[in-house]
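*Asks:* Numbering (the numbering used here), first residue to last: 2 to 504.
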Ligand code: SIN
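1. Count the other CB atoms, across all protein chains shown, that sit within 10 Å of the CB of residue 3; report buried if there are 16 or more and exposed otherwise.
2. Would you give the residue range spanned by the beta strand (DSSP E) that residue 48 belongs to?
3. Considering only residues of the same chain and omitting the five flanking positions on each side of residue 93, which have a CB-CB separation below 8 angstroms?
4. Within 10 angstroms of the Cβ of residue 497, are there 16 or more other Cβ atoms? Answer buried if so, exposed if not.
5. Which residue wins for smallest C-alpha separation from residue 99, given the options 318, 441, 199, 41?
6. Per DSSP, which one or two residues make a beta bridge with residue 374?
7. Let me check understanding here. Comparing Cα to Cα, which of 172, 284, 351, 306 lies closest to residue 117?
8. Would you check if there are 3 or more beta carbon pairs closer than 8 angstroms linking the segment 430-439 to the segment 365-375?
9. Compare the beta carbon distance of residue 469 and residue 455 with 8 angstroms and say whether it is the shorter of the two.
10. So, for residue 104: in the same chain, excluding its five sequence neighbours on each side, which residues have a beta-carbon less than 8 angstroms away from its beta-carbon?
11. Ignore the nearest five residues each way along the sequence and tell me which others in residue 40's own chain have a CB closer than 6 angstroms to its CB.
12. Do you know offhand how far residue 253's Cα is from residue 38's?
13. In whole angstroms, what is the alpha-carbon distance linking residue 313 and residue 278?
14. Would you tell me roughly how many angstroms separate the C-alpha atoms of residue 488 and residue 282, rounded to the nearest one?
15. When you compare the CB positions of residue 91 and residue 131, do they come within less than 8 angstroms of one another, or not?
16. Excluding the 5 residues flanking residue 502 on each side, which residues of the same chain have their C-beta closer than 7 angstroms to its C-beta?
17. Is DSSP giving residue 3 helix, strand or coil here?
18. Check whether the Cβ atoms of residue 411 and residue 308 sit closer than 8 angstroms, and answer yes or no.
19. Please report the residue range of the beta strand (DSSP E) in which residue 150 lies.
20. How would you write the range of the beta strand (DSSP E) that residue 308 sits in, first residue to last?
21. Kindly give me the distance between the Cβ atoms of residue 134 and residue 80, rounded to whole angstroms, as I take these residues to be in contact under 8 angstroms.
22. Return yes when at least one heavy atom of the ligand SIN lies under 7 angstroms from the C-beta of residue 61, else no.
23. Using C-beta distances below 7 angstroms, list every residue in its chain close to residue 7, excluding the 5 sequence neighbours before and after it, in chain order.
24. Taking 8 angstroms as the cut-off, decide whether the C-beta atoms of residue 288 and residue 326 are in contact.
25. Taking the alpha-carbon positions, what's the residue 213 to residue 113 distance?
26. Is residue 405 helix, strand or coil by DSSP?
27. Nearest CA to the CA of residue 184: which residue from 129, 348, 341, 193?
28. When the Cβ atoms of the segment 384-399 are set against those of the segment 227-241, are three or more pairs found closer than 8 angstroms?
29. Using the three-state DSSP reduction, which class does residue 218 fall into: helix, strand or coil?
30. The alpha helix (DSSP H) spanning residue 295 covers which residue range?
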């Protein structure tokens, strides 16, 4: 078979498996034991993309058993062997970037360029952790007494449960699973109800890459079945660690359930990112940063700029520049190459965003543009769930909209007069995931970076995400870090060994 034919064959098999209506457990494509399935919809057209198993706690326990059985052999592989298999998985993902990106556009709605970017971003976590696998060293500690030797070894924590969100259907899986697999753990992934197909495609490619049976399992279920599977992953004693990305409310529940068996948790939860434009900022840079941060994935990321604080002196000019750029935003179906903003994930998300805007108006905010559902004409008379990019002026810290995670393309403008005042307003939230600020003053860069109570700070840039840096929040935005060498540490236990009688 020619190389290109081989590629085509893997592609058609991938689609066959993704659309088989089965999940991946113990190296097998299986149905739910109940035989139930649910529909996966395209958020743009509402069309049914496929059906996947509606699994329950019993199915999930089967997957945990498969991961548990696979653990000893995977843990005992040389790190270099695990690294090689992960690199092969990464290669296959990149070979299938086009197909995976198109699937993501269909399933999640984000524009094609972002979907393609996410596949590379997702693959970058696999590469980073495959490379780290062979460098994760323990330590020899100088002894406290003669005849003794003290050492610290790193061991995989065990079977990991990964509960992942719909906004990044690929990268949030690889960001959790690549470090787990690199460390020698096995995983059971529960992808978001709205986006299971991207997860199943990853499972197919993991199998093709040669990941052994039971090392990477995917259990699917719908919104109704999610609590059942989530609770099983969080309370089954065979799971030693749960990684979760999602809302703070659910994160608290994950933490409470995990406490019953004292599991380790990593929680990447909600945010309420301040985006501060000081009066000495380069305004064009700030506008560029705002667009990167605010409108990525139609405003549906945990680190999207949520409250836009602009110094009163530069507010008029900044607003003018903002409105001009917003008026040029291209909105539509993600497969159209020039589109910058796609639909929201579903009708509930749209109605929530519209309610937030109406209540902000009632509380005194002024809609400068947008605010309504956008009718983008689509084939077959189907209507996507689009919100017009919206700019609100005269927002204050007291309004509800300043305390809600927007998850929509809404820019909420709040005026400030001094550095001390804006830092106080920025920190006045239970969240602490990402913050951004723009200034040309190098002393202020240090001062403000240190005072913002956030896990991540972007200075003069709106794009902070990368596999090489620790991603995570403080306060109610979460616990633990993903990405970077700190992200690997989340999946290992330290074991202290003291050898005596050597004197
Ligand atoms: C998220 O919104 O949960 C992740 C965003 C990112 O990785 O950049």
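Don't be surprised by glycine CBs; every beta carbon is placed ideally from N, CA and C. Source: prediction; values computed, not measured.
*Replies:* Taking the coordinates as given:
1. Its pLDDT being 40, under 50, residue 3 is placed unreliably in this model, and the coordinates cannot settle the point.
2. It is not in any beta strand (DSSP E) - residue 48 carries neither H nor E in the DSSP assignment.
3. 11, 206, 209, 210
4. exposed
5. 199
6. 388
7. 172
8. no
9. no
10. 19, 198, 199, 202
11. 49, 52
12. 29 angstroms
13. 10 angstroms
14. 33 angstroms
15. yes
16. 148
17. The pLDDT assigned to residue 3 is 40, lower than 50, so where the model puts this residue is not dependable; a value taken from the coordinates is nonetheless given after this. Coil, per DSSP.
18. no
19. 150-157
20. 306-312
21. 4 angstroms
22. no
23. In this prediction, residue 7 has a pLDDT of 48, which is less than 50 and means its spatial position is unreliable; what the coordinates show is noted afterwards. If we look at residue 7 and ignore the five residues flanking it on each side, it has no Cβ neighbours.
24. yes
25. 32 angstroms
26. coil
27. 129
28. no
29. strand
30. 284-296
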